[in-house]
Ligand code: SF4
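In the working numbering, the protein residues as written are 23 to 421.
Structural data, given as structure tokens:
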């Protein structure tokens, strides 16, 4: 196996920025009702998985560039025994160079946060934890099939702070479906909206450093999608979804959080350094089943199932399922697509250097129209979406 992935020529304008390292933990204690991600609940696979993961690290280790962010996500990383998680994080620096000031994030479920886990994460050098709260309303948590209550989440956040974590992120979900049996639809939709505002208010009151607010999308085959198909619940309509987005953005910014990406808000200086690499098209290496990597030119992704991943590595094969080399055209479209999701936007000069295209000249008419509609603006050499533009970020990339 040849582990060479980051080529200097591919990294192009990103040579001055270190890549990020992502490790996927594909285990969950139980499946949530909305989850379309790949994860398994059979934890007897954990020992074999961790062995395979170390083989994959060995495959890429040695030659790889230094990383200045490490993100352990899932699935549910905190579904691993705390001692295994601590050992894994310790072992990573035996395979790769992780810079001294690296941002090291672990995703955790509120139900798993106890003294043992927090001590293990502190000892391992984790300096940022991201807690999957999703809602501070118990009815909503029950609808989503989460295995924790609102009170457990609040206690978990306090415990994390008391343990010394100074950089805490929370994940929330808005736009939940509601039951038409509860009364008139618009009244139920209004109630749902009020529940969301209350969750947001509770979250802000807990003073997290970072908040991710995702709009719920129903993935085919999930219990919630099935309930929706049977007419037992109704999904929030599009105009209401726009209300959620715009109101959330307004409340968060008034509360001192910068709306720096479509779904993400941060206190000053607390933006996720790791996720910013994805949006800024900076190279990253992803390890574990279904993990994606990007070299600046090549994208590759791993086999999706735990068993296939373990099997490949056990037989000395790379677990890469497929790769694609991106053309300049694909790269520049991705740059627009990702850039318009961020408040910073697309750097016109970098775009010009990298793709030899002057967006302002080429797209003068369409940009003039979007600007008149209040969707984009130019600020300090960046073409960026306004708040209203972020609400339709994906369509802006089609300019
Ligand atoms: S914890 Fe996350 S990955 Fe696991 S089932 Fe729930 S939503 Fe899916």
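We treat Cβ as the ideally placed atom computed from N, Cα and C, and that holds for glycine.
Burial state of residue i (16 or more Cβ within 10 Å)
i	result
residue 336	exposed
residue 212	exposed
residue 418	buried
residue 60	exposed
residue 216	exposed
residue 241	exposed
residue 288	buried
residue 227	exposed
residue 375	exposed
residue 24	Below a pLDDT of 50, predicted positions are generally treated as unreliable, and residue 24, at 44, falls in that range; no measurement from the model is reported.
residue 161	exposed
residue 40	buried
residue 142	buried
residue 264	exposed
residue 164	exposed
residue 209	exposed
residue 134	buried
Beta-ladder partner(s) of residue i, from DSSP
i	result
residue 95	46
residue 373	In the DSSP output, where bridge partners are listed per residue, residue 373 has none listed.
residue 346	321
residue 414	None, per the DSSP bridge assignment.
residue 364	283
residue 111	Beta-bridge pairing links residue 111 to no other residue.
residue 288	232, 280
residue 399	406
residue 62	49
residue 200	256
residue 193	154, 234
residue 89	120
Neighbour flag for residue i against chain D, beta carbons, 8 Å
i	result
residue 398	Looking for chain D here will not work: only one protein chain is present.
Of the listed residues the options, nearest to residue i (C-alpha basis)
i	options	result
residue 91	123, 229, 69	123
residue 413	326, 269, 344	269
residue 81	65, 158, 341	341
residue 319	325, 387, 356, 246	356
residue 237	224, 223, 258	258
residue 381	365, 364, 400, 395	400
residue 328	41, 58, 66	66
residue 309	56, 71, 64, 40	71
residue 360	420, 393, 383, 343	420
residue 79	43, 95, 62, 64	43
residue 94	343, 243, 111	111
residue 184	234, 136, 47	136
residue 196	248, 171, 403, 219	219
residue 168	150, 188, 148, 193	193
residue 191	415, 231, 138	231
residue 253	152, 199, 383	199
Practice prompt. Note down, one range per segment and in chain order, each alpha helix (DSSP H) of at least 4 residues found wholly within the region 292 to 323.
Written response: 295 to 301
Discussion item. If we require 4 or more residues per run, which alpha helix (DSSP H) segments fall completely within the region 113 to 152?
Written reply: 137 to 145
Discussion item. When you compare the region 37 to 54 with the region 89 to 104, are there three or more beta-carbon pairs, one atom per stretch, that lie closer than 8 Å?
Written reply: yes
Worksheet item: Can we say the region 274 to 286 touches the region 325 to 340, given the rule of at least three CB pairs closer than 8 Å?
Response: no
Worksheet item: Are the region 117 to 124 and the region 169 to 180 touching, with three or more C-beta to C-beta distances below 8 Å?
Response: no
Worksheet item: Should the region 293 to 310 be regarded as contacting the region 123 to 137, the criterion being three or more beta carbon pairs within less than 8 Å?
Response: yes
Discussion item. Would the region 404 to 419 count as touching the region 268 to 281 if we require 3 or more Cβ pairs under 8 Å?
Written reply: yes
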